[in-house]
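Visitor: Before I ask anything, here is the structure I am working with.
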Amino acid sequence: MNREEMKKELMAQAEASIDRLLEWERGHARPTLSAIETIVLEVGKELEKKMAYAVIERQEEARPVPGPTCSECGKEMRKKDSQPRQVMTLVGELRIERSYYHCARCKTRIFPPGQATGGVGQALVGGDSQTSGLVERDDEQL
């Protein structure tokens with residue numbers, strides 16, 4: 037998705053959020069300040085998650101070819117299948133599907149392709165899918 041397509045999608049999502057807020061307002065003639073704050077925060081949080089998800093997905097599309105270098109042996113890692121993950125972010129929990137990279141020599145894998153590709157991630161050693169359910173937060177670039 038290019039920048040203009042992404043902008044169009046995000047604008048549509050923002051407009052839908054605004055419509056939801058205005059629809060709520062129409063049904064609440066004399067809301068309390070707390071009720072207003074609650075709906076504004078709720079609608080805002082939903083939009084934040086949609087925006088974060090859109091940017092994360094766009095980053096996945098821009099992953100580099102060749103793959104990252106293995107931190108264990110220095111060999112190039114190969115892109116493997118995509119796997120879904122629940123990731124806790126500052127805007128809430130997001131379900132993302134990202135490719136992972138695998139080193140055939142060391143059996144190390146990275147999901148998502150962490151710092152080696154300028155992103156967040158947790159190295160997973162030995163290919164144990166049981167340990168891959170959590171992704172550590174790293175304030176490097178996605």
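Here the sequence shown is numbered in our numbering, starting from 37 and rising by one per residue. Don't be surprised by glycine CBs; every beta carbon is placed ideally from N, CA and C.
Could you pull out every unbroken beta strand (DSSP E) segment of at least 3 residues lying fully inside the region 46-79, listed in chain order?
Guide: DSSP runs (the beta strand (DSSP E)) wholly in the region 46-79: none.
Visitor: Which of the three DSSP states is assigned to E40 in this structure?
Guide: Against the sequence shown, residue 40 aligns to sequence position 4. In this structure, E40 counts as helix in the three-state DSSP scheme.
Visitor: Straight-line CA distance for E204 to K116?
Guide: The shown model of the chain, from 37 to 178, leaves out residue 204, and the question about it has no answer.
Visitor: Which two residues bound the contiguous beta strand (DSSP E) that contains P102?
Guide: Residue numbering aside, residue 102 sits at position 66 when the sequence shown is read from its first letter. Looking at the DSSP string, P102 is not in any beta strand (DSSP E), and its letter there is neither H nor E.
Visitor: So for D164, helix, strand or coil by DSSP?
Guide: Position 128 of the sequence shown, counted from the start, is the residue given in the question as residue 164. With a pLDDT of 36 at D164, under the threshold of 50, the predicted position of this residue should be treated as unreliable, and no value is reported.
Visitor: Applying the 10 Å Cβ sphere with the 16-neighbour rule, what's the burial state of T144?
Guide: For the purposes of this step, residue 144 is taken as the residue at position 108 of the sequence shown. It counts as buried.
Visitor: Looking at the unbroken beta strand (DSSP E) that takes in L130, where does it start and where does it end?
Guide: Sequence index remark: in the sequence shown, residue 130 carries index 94 (1-based). It spans 128-138 - the beta strand (DSSP E) in which L130 sits, taken as one unbroken run.
Visitor: So what does V123 bridge to, in DSSP terms?
Guide: Here residue 123 refers to the residue found at position 87 when the sequence shown is read from its first residue. DSSP, once it has assigned bridges, lists L130 as partnering V123.
Visitor: So, is V156 buried or exposed, given that buried needs 16 or more other C-beta atoms within 10 angstroms?
Guide: In the sequence shown, residue 156 corresponds to position 120, counting from 1. Any answer about V156 is weak, because its pLDDT of 42 lies below 50 and its placement is not dependable; what the coordinates show is given next. Buried: at least 16 other Cβ atoms inside 10 Å.
Visitor: Would the region 84-93 and the region 128-138 be scored as touching if the rule is three or more Cβ pairs under 8 Å?
Guide: Contact between the region 84-93 and the region 128-138 is present, because at least three Cβ pairs lie under 8 Å.
Visitor: Buried or exposed for R66, going by 16 or more other Cβ atoms inside 10 Å?
Guide: Counting from 1 along the sequence shown, the entry for residue 66 is found at position 30. Classification of R66: exposed, given that the 10 Å Cβ count is below 16.
Visitor: For S135, collect the residues of the same chain with a Cβ closer than 6 Å to its Cβ; drop the 5 residues on either side in sequence, then sort them by chain order.
Guide: Here residue 135 refers to the residue found at position 99 of the sequence shown. Once the five neighbours on either side are set aside, the close Cβ partners of S135 are K115, S118.
Visitor: Looking at the structure shown, is R145 part of a helix, part of a strand, or coil, going by DSSP?
Guide: Along the sequence shown, one-based indexing puts residue 145 at 109. Strand, per DSSP.
Visitor: Determine whether the beta carbon atoms of M37 and R94 lie at a separation below 8 Å.
Guide: Locating residue 37 in the sequence shown gives position 1, counting from the first residue. Locating residue 94 in the sequence shown gives position 58, counting from the first residue. Yes.
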